[in-house]
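Below is one structure, written out as structure tokens, with a few remarks after it.
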Amino acid sequence: MTTPDPTTPSSEPTTPSSEPTTPGQEHAPWDLDAEAWSELLSGPGRAVPVGDPAAEAPSLATSYLGLELRSPLVASSSPMTADLSALRALDAAGVGAVVLPSLFEEQVEHELGQLEHLGQEGHGVHAEAPTGYRPKLDGYNTGAVRYLELVRAAKRTVSVPVIASLNGTSPGGWVRFSRAVAVAGADAIEVNILRVVAEAATSGREVEGDALEVVESVARVSGLPVAVKLAPAWSALPSFACRLVDAGAAGLVLFGRAPHLAVDTATLGVHSVFGLSHPMERAEPLRWTAILRGQVEASLAASGGVRSGQDAAELVLVGADVVMLTSGLLERGPGRIGEVADDLSTWLQDRGYASVGDARGRLSQERVADRSAFQRSQYLSGLTAYASTFRS
Ligand SMILES: Cc1cc2nc3c(=O)[nH]c(=O)nc-3n(C[C@H](O)[C@H](O)[C@H](O)COP(=O)(O)O)c2cc1C
Numbered sequence: 129m130t131t132p133d134p135t136t137p138s139s140e141p142t143t144p145s146s147e148p149t150t151p152g153q154e155h156a157p158w159d160l161d162a163e164a165w166s167e168l169l170s171g172p173g174r175a176v177p178v179g180d181p182a183a184e185a186p187s188l189a190t191s192y193l194g195l196e197l198r199s200p201l202v203a204s205s206s207p208m209t210a211d212l213s214a215l216r217a218l219d220a221a222g223v224g225a226v227v228l229p230s231l232f233e234e235q236v237e238h239e240l241g242q243l244e245h246l247g248q249e250g251h252g253v254h255a256e257a258p259t260g261y262r263p264k265l266d267g268y269n270t271g272a273v274r275y276l277e278l279v280r281a282a283k284r285t286v287s288v289p290v291i292a293s294l295n296g297t298s299p300g301g302w303v304r305f306s307r308a309v310a311v312a313g314a315d316a317i318e319v320n321i322l323r324v325v326a327e328a329a330t331s332g333r334e335v336e337g338d339a340l341e342v343v344e345s346v347a348r349v350s351g352l353p354v355a356v357k358l359a360p361a362w363s364a365l366p367s368f369a370c371r372l373v374d375a376g377a378a379g380l381v382l383f384g385r386a387p388h389l390a391v392d393t394a395t396l397g398v399h400s401v402f403g404l405s406h407p408m409e410r411a412e413p414l415r416w417t418a419i420l421r422g423q424v425e426a427s428l429a430a431s432g433g434v435r436s437g438q439d440a441a442e443l444v445l446v447g448a449d450v451v452m453l454t455s456g457l458l459e460r461g462p463g464r465i466g467e468v469a470d471d472l473s474t475w476l477q478d479r480g481y482a483s484v485g486d487a488r489g490r491l492s493q494e495r496v497a498d499r500s501a502f503q504r505s506q507y508l509s510g511l512t513a514y515a516s517t518f519r520s
């Protein structure tokens, strides 16, 4: 078959050649069947299925971490999910599951009395940390013991699965707390392994090793299904994702966010800011859900920038089992989940899908023979399409 010259990319999708493949070239980078091409790269005007508006409302039921959910729309971790009246409103609006705010390993360790000395280690050494490095989290949640009360209260308040969230990156005694979370009644645990590695001496291998150990321990100790919430910045995410699953992860959350560093030029101070997401942040979960679908045997939760039913539909099309929302709910209130569900349902119905499962993964890259080459070709064609707007 002919291979397109990557130096002269086209903004149009490359159509598959009808020439027979030669032995050894069965998996040429661009080798897709016609249906896959049309699903992946169809241009404007592509015929889409049209549904019968009078047909029964599509089923939104989905499965996530082995749990049966009535909807793929999940309220992700934020202060909203610590508020029982907001939880009640989310439940009434049809949310599929709720993820509680994170409890941090530092809090657990602190309450276990094991890391008290850490608070003094950085004391006065750096201008940006005049009171030491141990975070002051009391304003965010109430600590480990009260967290268990939140799990119990959330279970009493909502009819849908309650997913506890632990933020931890280093293996240690804190993982024992995951058993208490299970006993308190959580249906699953999300482990947030976002970590900003700031030392040149720490290698990627070490960081991955720590994360794998944490996930393995939490899954084993808790006995609950575990989802791992990741950052998009891994050098080889599919390989790491597979190892997380081997370590016991039942699902991956693509992706979490870290606070941004803000510089105050007036006071010459720095502080961290956790603002709401921008809708453009959907780009990374879109890309990686499409890539990982079919490569990892785990549930995929897409998270970042979702505001509407259309956004959710896009993520389902590339393969998301569930779509998570935080900023959209913080902006518009917990009832927004019902509007997004209605829009998603209308979209499914208009396209003739009887269920969200029918639409799932239609635009994933499961059938792409060489996903890396495909990404590269997309990179080039995207650039070319943009550059063409400057031609006279
Ligand atoms: C105010 C706020 C608090 C958050 N707290 C947590 C948290 O405790 N644990 C966590 O894993 N993610 C937390 N997140 C991240 C969200 O769960 C979500 O992953 C992220 O905001 C992307 O989704 P979105 O674009 O819908 O906001 C928080 C986000 C915001 C905006």
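Its first residue numbered 129, the sequence shown is counted upward by one per residue in our numbering.
Just so you know, even glycine gets a beta-carbon here, dropped at the ideal spot from N, CA and C.
### Nonlocal neighbours in the same chain, by C-beta distance under 6 Å from Tyr-507, ignoring five residues either side
Numbered from 1 along the sequence shown, position 379 holds the residue referred to as residue 507. Cβ within range, chain order: n/a, list empty.
### Task
Specify, as a first and last residue, the run of the beta strand (DSSP E) that Phe-232 falls within.
Sequence index remark: in the sequence shown, residue 232 carries index 104 (1-based). Segment 225-232, the beta strand (DSSP E) holding Phe-232.
### Message
In whole angstroms, give me the CA-to-CA distance for Ala-312 and Leu-352.
### Response
Locating residue 312 in the sequence shown gives position 184, where the first residue counts as 1. Locating residue 352 in the sequence shown gives position 224, where the first residue counts as 1. Rounded to whole angstroms, Ala-312 to Leu-352 spans 12 Å at the Cα level.
### Task
Quick one: grab the DSSP three-state call for Ile-291.
Translated into positions along the sequence shown, residue 291 becomes position 163. Looking at Ile-291 - three-state DSSP - the assignment turns out to be strand.
### Query
Do you know offhand how far Thr-474's Cα is from Val-468's?
Within the sequence shown, residue 474 is the residue found at index 346, counting from 1. Within the sequence shown, residue 468 is the residue found at index 340, counting from 1. If you take the alpha carbons of Thr-474 and Val-468, they lie about 10 Å apart.
#### Entry: Within the stretch 272-318, ranges of the beta strand (DSSP E) (whole runs, at least 3 residues)
290-295
### Query
From what residue to what residue does the alpha helix (DSSP H) around Gly-510 run?
For the purposes of this step, residue 510 is taken as the residue at position 382 of the sequence shown. Start and end: 499-515.
### Query
Of the residues Leu-457, Ser-500, Tyr-192, which one's Cα is nearest the Cα of Ile-317?
The count along the sequence shown starts at 1 and reaches residue 317 at position 189. The residue with the shortest Cα to Cα distance from Ile-317 is Tyr-192.
### Task
Return the chain-ordered list of same chain residues with a C-beta closer than 7 Å to the C-beta of Leu-511, the five sequence neighbours on each side being excluded.
Within the sequence shown, residue 511 is the residue found at index 383, counting from 1. No residues qualify anywhere along the chain.
#### Entry: Cβ shell of Pro-299 (< 7 Å), same chain only, five flanking positions each side left out
For the purposes of this step, residue 299 is taken as the residue at position 171 of the sequence shown. Counting only Cβ-Cβ distances below 7 Å, and skipping sequence neighbours, we find Asp-338, Glu-341, Val-342, Ser-345.
### Task
Taking only the alpha-carbon atoms, compute the straight-line gap between Phe-232 and Asn-295 and give it to the nearest angstrom.
As a first step, residue 232 must be located in the sequence shown, where it is residue number 104. As a first step, residue 295 must be located in the sequence shown, where it is residue number 167. Taking the straight line from one Cα to the other gives about 5 Å.
### Supposed contact pair Val-484 and Ala-429 - C-beta distance, whole angstroms, cut 8 Å
Here residue 429 refers to the residue found at position 301 of the sequence shown. Here residue 484 refers to the residue found at position 356 of the sequence shown. Incorrect: roughly 14 Å between the Cβ atoms, too far for contact.
### Message
Taking the alpha-carbon of Ser-205 as reference, which of Arg-216, Ser-293, Ser-199, Glu-184 has the nearest alpha-carbon?
### Response
Taking the sequence shown and counting its residues from 1, the one referred to as residue 205 is at position 77. The candidate whose alpha carbon is nearest that of Ser-205 is Ser-293.
#### Entry: Proximity test, Val-434 beta-carbon vs ligand 3 heavy atom, cut-off 6 Å
Ligand 3 is not part of this structure, which contains only ligand 1.
### Message
With three or more beta-carbon pairs closer than 8 Å as the criterion, would you say the stretch 368-388 touches the stretch 396-406?
### Response
yes
### Task
Check whether the Cβ atoms of Leu-218 and Ile-465 lie closer than 7 Å to each other.
Numbered from 1 along the sequence shown, position 90 holds the residue referred to as residue 218. Numbered from 1 along the sequence shown, position 337 holds the residue referred to as residue 465. Their beta carbons are under 7 Å apart, which means Leu-218 touches Ile-465 by this criterion.
### Query
Sorted by chain position, which residues of the same chain lie with C-beta nearer than 6 Å to Val-202's C-beta, five sequence neighbours on each side aside?
As a working note, residue 202 is residue 74 in the sequence shown. Contacts found: Gly-224, Ala-225, Val-450, Met-452.
### Message
Are the CB atoms of Leu-197 and Thr-209 within a distance shorter than 7 Å?
### Response
The residue you call residue 209 lines up with position 81 of the sequence shown. The residue you call residue 197 lines up with position 69 of the sequence shown. No; because the gap between Cβ atoms is not below 7 Å, this pair is not in contact.
### Task
May I ask whether a heavy atom of ligand 1 can be found less than 6 Å away from the beta carbon of Arg-274?
Position 146 of the sequence shown, counting from 1, holds the residue named residue 274. No - ligand 1 has no heavy atom lying nearer than 6 Å to the Cβ of Arg-274.
### Message
Along the chain, where does the alpha helix (DSSP H) containing Val-424 start, and where does it finish?
### Response
For this step, residue 424 is matched to residue 296 along the sequence shown. Note, Val-424: premise wrong, no alpha helix (DSSP H); not H, not E.
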